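Here the structure is laid out as structure tokens; the discussion comes afterwards.
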Ligand code: S3P
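Residue numbers (this note's numbering): 1 to 455.
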């Protein structure tokens, strides 16, 4: 068995992996906890009064970075032997000055949300990250937090390493998001918690709303109203008293998308993924795959802790067909374009994806890395500034390329999934970042019948 856990991100050895064809997949895929909800469980638990108990936390490197940062900021975060996590909170306004830099590894979500948290506490904190994270823009967080009273010393281009000087006299703000970003929205919401008064955020396109739902559950006063034309106004009252609670983290719909697409492109497969988060702000990939003709049944739809949950049954029964993906759907599947591109490369006909500018500033420039990688595998495509058009033939591409994953977990997993059906195996130069979000990916896929191995 390949072990993908416990290698510190700053000292990792490259893990070259490939997948070889190995027939249909079957079984139950136990998908790990939702990454976005896991980060927020630890952060909000650390701010609440009392002990928050978290079941099903994602134990990936990104979430470990958040856990460690919350400890540095004064919360007690522990893990029981049975995998239950506990956060003993300090109460809003009571975070402490960290003694060391906050090491964020590969995690943009940890960095951006915690910048918001620190901004309205009298704390100075320096955020550092790996070679991927230090390329990512933080100006989008600095801009709204500056009028709230924080000051910043960033590296060139508004990047990490970056120091936040927070204030205990934060000012409420009124901010219209210029980009569809749940990270920016959440950073402002976190800053608003320790700020007297009402903070207002307007988003033109709905992005994942876990911060809103979870903070409400913890007792914050948050109102969401829909405007004519589709925009949403979110108001948050400062200085709430957050009360600890119990959280059951749903399984991550973004992680589930990898075995789901694998089952769809390996004819004759049938897999089940239980307890998957099905928030309409997250499930665009499933709608899109169904429009491509995928046999996906969403069953046992239910609600848990304010989040919609369902079980998914996927059968690889038909060749997918190319479609136009509406740009309005992009925020609800922002992390799924690399894996969708793999499905499109196996589909019959043309798949057009537009409105993808944000893909260029993820863990890698996903638009470029996907386009170059697929081209090297023999796929006919065109890439624009913010668009990707893939012409599928209805049979898997040839493969045979080596992909530079650029420290991007989703690039590594996407090409490994494609490699399960290509004539020649695709090699990933370094698949170790998979452990940021899906530590058991290789064992899980191989347990379903794939063959992913070291190269
Ligand atoms: C996330 C929001 C998204 C997503 C990221 C997780 C979150 O980023 O890409 O993986 O947990 O808030 P943006 O909000 O910047 O698009």
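Backbone N, C-alpha and C define an ideal beta-carbon position, used for all residues, glycine too.
Please read these numbers as outputs of a predicted model, since none were measured by experiment.
Put residue 406 into one of helix, strand or coil per three-state DSSP.
-> Look at residue 406 here: in three-state DSSP terms it is coil, with no helix or strand label.
Taking Cβ to Cβ, would you say residue 74 is nearer than 8 Å to residue 95?
-> Less than 8 Å divides the Cβ of residue 74 from the Cβ of residue 95.
With hydrogens ignored, establish whether the beta-carbon of residue 406 is closer than 7 Å to any heavy atom of ligand 1.
-> Proximity of the beta carbon of residue 406 to ligand 1 is not indicated: no heavy atom of the ligand is located closer than 7 Å.
Output the boundary residues of the beta strand (DSSP E) element that contains residue 307.
-> Residue 307 -> beta strand (DSSP E) spans 307-315.
Near residue 64, which residues of its chain fall below 7 Å by C-beta distance, leaving aside the five closest residues on each side in sequence?
-> Here the set comprises nothing.
Select from 307, 151, 382, 405 the residue whose C-alpha is nearest the C-alpha of residue 208.
-> For the residues 307, 151, 382, 405, the minimum Cα distance to residue 208 belongs to 307.
Kindly confirm or deny that the stretch 334-352 and the stretch 306-320 touch, where touching means at least three C-beta pairs closer than 8 Å.
-> Enough Cβ pairs lie closer than 8 Å, so yes.
Determine the closest residue to residue 383 out of 31, 371, 45, 270, with distance taken between C-alpha atoms.
-> Answer by Cα proximity: 371.
So residue 112 packs on residue 141, CB below 8 Å; how close in whole Å?
-> Rounded to the nearest angstrom, the Cβ distance from residue 112 to residue 141 is 5 Å, consistent with a contact under 8 Å.
Just mark residue 183 as buried or exposed, buried being the case when its beta carbon has 16 or more other beta carbons within 10 Å.
-> Classification of residue 183: buried, given that the 10 Å Cβ count is 16 or more.
Which residue from 284, 335, 125 puts its Cα closest to that of residue 437?
-> The shortest Cα separation from residue 437 among 284, 335, 125 belongs to 335.
Local Cβ density within 10 Å of residue 79, reported as buried at 16 or more and exposed below that = Residue environment for residue 79: exposed (fewer than 16 other C-beta atoms within 10 angstroms of its C-beta).
Sort 152, 118, 214, 126 by Cα distance to residue 40 and report the nearest one.
-> If we check each option's Cα against that of residue 40, 214 comes out closest.
Whole angstroms is fine: what's the gap from residue 260's alpha carbon to residue 43's?
-> The alpha-carbon of residue 260 is positioned some 30 Å away from that of residue 43.
Output the distance between the C-alpha atoms of residue 459 and residue 88, rounded to the nearest integer angstrom.
-> This structure cannot speak to residue 459, because the chain is shown only from 1 to 455.
Following the continuous beta strand (DSSP E) through residue 164, name the residue where it begins and the one where it ends.
-> Secondary structure note for residue 164: its beta strand (DSSP E) is the uninterrupted segment 159-165.
Start-to-end residues for the alpha helix (DSSP H) that takes in residue 140 | Counting along the chain, the unbroken alpha helix (DSSP H) around residue 140 starts and ends at 139-145.
What do you get for residue 282, buried or exposed, if any count of 16 or more other CB atoms within 10 angstroms of its CB means buried?
-> Taking all protein chains in view, the Cβ of residue 282 is crowded by 16 or more other Cβ atoms within 10 Å, so the residue is classified as buried.
Evaluate contact between the stretch 227-241 and the stretch 407-423, counting only Cβ atoms and requiring at least three cross-stretch pairs below 8 Å.
-> Below 8 Å, too few C-beta pairs join the stretch 227-241 and the stretch 407-423 to call them touching: fewer than three.
Would you tell me roughly how many angstroms separate the C-alpha atoms of residue 161 and residue 107, rounded to the nearest one?
-> Going by C-alpha positions, residue 161 is about 13 Å away from residue 107.
Could you check where the alpha helix (DSSP H) with residue 447 kicks off and where it finishes?
-> DSSP places residue 447 in the uninterrupted alpha helix (DSSP H) bounded by 441-448.
Pull up the CB-CB distance for residue 405 and residue 428, whole angstroms please, since I reckon it's below 8 Å.
-> That belief holds up - the Cβ atoms of residue 405 and residue 428 are roughly 5 Å apart, short of 8 Å.
Taking only heavy atoms of ligand 1 into account, decide whether any of them is closer than 7 Å to the Cβ of residue 109.
-> Yes, the beta carbon of residue 109 sits closer than 7 Å to at least one heavy atom of ligand 1.
Less than 7 Å between the CB of residue 232 and some heavy atom of ligand 1, yes or no?
-> It does not: the Cβ of residue 232 is nowhere closer than 7 Å to a heavy atom of ligand 1.
For residue 360, verify whether its CB is less than 7 Å away from any heavy atom of ligand 1.
-> Residue 360: no, Cβ never under 7 Å from ligand 1.
How would you label residue 6, buried or exposed, when you count the other beta carbons within 10 angstroms and need 16 or more for buried?
-> Any reading at residue 6 needs caution, since the residue's pLDDT is 37, under 50, leaving its predicted position unreliable; the model's value is listed next. Residue 6 comes out exposed.
Unbroken beta strand (DSSP E) run spanning residue 127, endpoints = DSSP places residue 127 in the uninterrupted beta strand (DSSP E) bounded by 124-128.
The alpha helix (DSSP H) with residue 73 in it runs from where to where?
-> Per DSSP, residue 73 lies in no alpha helix (DSSP H) and is assigned neither H nor E.
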